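Asker: Numbering-wise (this note's numbering), the sequence shown opens with residue 20 and increments by one.
Got a structure for you, written out below as structure tokens; questions coming shortly.
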Amino acid sequence: MKGVKHYTEDGEYNGPTHKMPGDKVHTGKKHSENSKPVSHKKGGPFKMRTPFQCWKGYTASTTKPSPSGKKTPGGNIKQVPACEKD
């Protein structure tokens, strides 16, 4: 949102932002491994409630819609880790 301050865990953030699935906003014009969540509140929330977990030998740099089609309380399809072999 224009005219609204954004904060990261490190403090106020004034750079470009991008939207993620589930109405989350992160730093940077495009998503990368350096993108961090931003909030309109100084105190967060910045951390995900449940961290991404992939099998050993796999990592997730992005998310994808849940294959099961499960939905969040807001009615959006849940996002799951897009695990890829290292």
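C-beta: ideal position from N, C-alpha, C; glycine also.
Predicted model only: the values in this text are computed from it and were never measured.
#1: Could you pull the DSSP bridge partners for V23 from this structure?
#2: For V57, is the classification buried or exposed, using 16 other Cβ atoms within 10 angstroms of its Cβ as the cut-off for buried?
#3: Using three-state DSSP, classify K89 as helix, strand or coil.
#4: Secondary structure at C73, three-state DSSP: helix, strand or coil?
#5: Please state the DSSP three-state secondary structure of H37.
Answerer: Taking the geometry as given:
#1: For the purposes of this step, residue 23 is taken as residue 4 along the sequence shown, with counting starting at 1. In DSSP, V23 forms no bridge with anything.
#2: Within the sequence shown, residue 57 is the residue found at index 38, counting from 1. Under this definition V57 is a buried residue.
#3: By 1-based counting over the sequence shown, the position of residue 89 is 70. Looking at K89 - three-state DSSP - the assignment turns out to be coil, as it is neither helix nor strand.
#4: For the purposes of this step, residue 73 is taken as the residue at position 54 of the sequence shown. Coil at C73, not helix or strand.
#5: Here residue 37 is taken as the residue at index 18 of the sequence shown, counted from 1. Strand, per DSSP.
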